[in-house]
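Per the working numbering, the sequence shown runs over residues 147 to 328.
First comes the structure, then the notes that go with it.
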Amino acid sequence: MRKSLSPLIGAAPVIAVLIAMSVPSAWAMGSGNPYVDHQVGVSYTVYQPTFTAGLKLHSVGSAIVDASCKTEQPLLVRYAGGKREFTIAEGNPMCSDIGNGQTVATIKLGTATGTVQAYCPQPVTKSCTLASVGRYGGHVDITAPALKGLRATRIWVETLAGHAISGQQLVRVATGMKPVTS
Numbered sequence: 147m148r149k150s151l152s153p154l155i156g157a158a159p160v161i162a163v164l165i166a167m168s169v170p171s172a173w174a175m176g177s178g179n180p181y182v183d184h185q186v187g188v189s190y191t192v193y194q195p196t197f198t199a200g201l202k203l204h205s206v207g208s209a210i211v212d213a214s215c216k217t218e219q220p221l222l223v224r225y226a227g228g229k230r231e232f233t234i235a236e237g238n239p240m241c242s243d244i245g246n247g248q249t250v251a252t253i254k255l256g257t258a259t260g261t262v263q264a265y266c267p268q269p270v271t272k273s274c275t276l277a278s279v280g281r282y283g284g285h286v287d288i289t290a291p292a293l294k295g296l297r298a299t300r301i302w303v304e305t306l307a308g309h310a311i312s313g314q315q316l317v318r319v320a321t322g323m324k325p326v327t328s
């Protein structure tokens with residue numbers, strides 16, 4: 147008389163879930179905070195936004211690194227909701243370029259000064275202002291101060307036309323960035 151293994155095979159996913167749930171949380175990988183998790187692997191200071199314009203963290207990844215660039219892995223996160231979104235890229239150095247626009251404002255993050263650019267159509271005009279970011283997109287570029295024992299961080303906060311947050315929101319995201327501590 148042969149016994150069928152199919153009831154055990156069907157129960158395998160349930161058994162795997164029960165085993166995984168019984169593993170102590172200290173054994174789990176990561177903190178659940180992608181910024182803190184990224185800080186563990188790099189020597190530059192990782193910053194996290196305190197304001198996200200009501201948008202939710204949509205994806206976390208790494209920026210594509212040019213093979214000729216000797217750098218630690220940069221962080222790339224995307225916040226989205228409805229038709230609006232923005233990205234934050236962090237690293238030191240950044241081995242790629244961000245869009246070029248017209249400088250429409252300067253900002254402060256701690257002791258660092260950064261620029262806000264709007265991606266207004268060319269030719270550049272006096273009508274290109276911080277308010278233009280909401281229509282055409284734009285970015286903030288700032289090199290944020292380092293925490294003790296770490297290096298400074300280049301931060302780009304960018305929003306693109308068709309999905310842009312306002313210029314004021316873009317500035318608020320950038321000026322609200324805080325270094326993470328693990």
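By construction, the Cβ of each residue, glycine as well, lies at the ideal position given by its N, Cα and C atoms.
Please read these numbers as outputs of a predicted model, since none were measured by experiment.
Per DSSP, the bridge partner or partners of residue i
{"i": "Lys323", "result": "Going by the sequence as given, residue 323 is Met instead of Lys. Bridge partners of Met323: Pro195."}
{"i": "Gln248", "result": "Ala264"}
{"i": "Tyr190", "result": "Arg297"}
{"i": "Tyr225", "result": "Leu203, Phe232"}
{"i": "Glu304", "result": "Thr233, His285"}
{"i": "Lys216", "result": "Paired residue(s): none; Lys216 is not in a bridge."}
{"i": "Lys254", "result": "Thr259"}
Residue burial classification, residue i (beta-carbon count within 10 angstroms, cutoff 16)
{"i": "Pro170", "result": "A caution first: Pro170 carries a pLDDT of 34, below 50, which makes its placement in the model unreliable, though a value can still be read off. Burial call: exposed."}
{"i": "Pro269", "result": "exposed"}
{"i": "Cys215", "result": "exposed"}
{"i": "Gln219", "result": "exposed"}
{"i": "Asp243", "result": "exposed"}
{"i": "Gly260", "result": "buried"}
{"i": "Gly247", "result": "buried"}
{"i": "Ala307", "result": "exposed"}
{"i": "Thr305", "result": "buried"}
8 Å Cβ shell around residue i - same chain, five flanking residues per side excluded
{"i": "Thr257", "result": "Pro291"}
{"i": "Val250", "result": "Val262, Gln263, Ala264, Cys274, Thr275, Leu276, Ser278, Val279, Gly284, Gly313"}
{"i": "Ile253", "result": "Thr259, Gly260, Thr261, Val262, Val286, Ile288, Val317, Ala320, Thr321"}
Close beta carbons around residue i, own chain, < 7 Å, minus the five adjacent residues each side
{"i": "Tyr181", "result": "Val192, Gln194, Val326"}
{"i": "Lys324", "result": "Tyr193, Gln194, Thr196"}
{"i": "Asn238", "result": "Tyr190, Arg297, Ala298, Thr299, Arg300"}
{"i": "Tyr225", "result": "Thr198, Leu201, Lys202, Leu203, His204, Glu231, Phe232"}
{"i": "Val303", "result": "Phe232, Ile234, His285, Val286, Leu316, Val319, Ala320"}
{"i": "His309", "result": "Lys229, Arg230, Glu231"}
{"i": "Cys266", "result": "Gly247, Gln248, Cys274, Ser278, Tyr282"}
Close beta carbons around residue i, own chain, < 6 Å, minus the five adjacent residues each side
{"i": "Gly227", "result": "Leu201, Lys202"}
{"i": "Val206", "result": "Pro180, Val223"}
{"i": "Leu221", "result": "His184, Glu236"}
{"i": "Ile311", "result": "Ala199, Arg230, Phe232, Thr305"}
{"i": "Met240", "result": "Arg300"}
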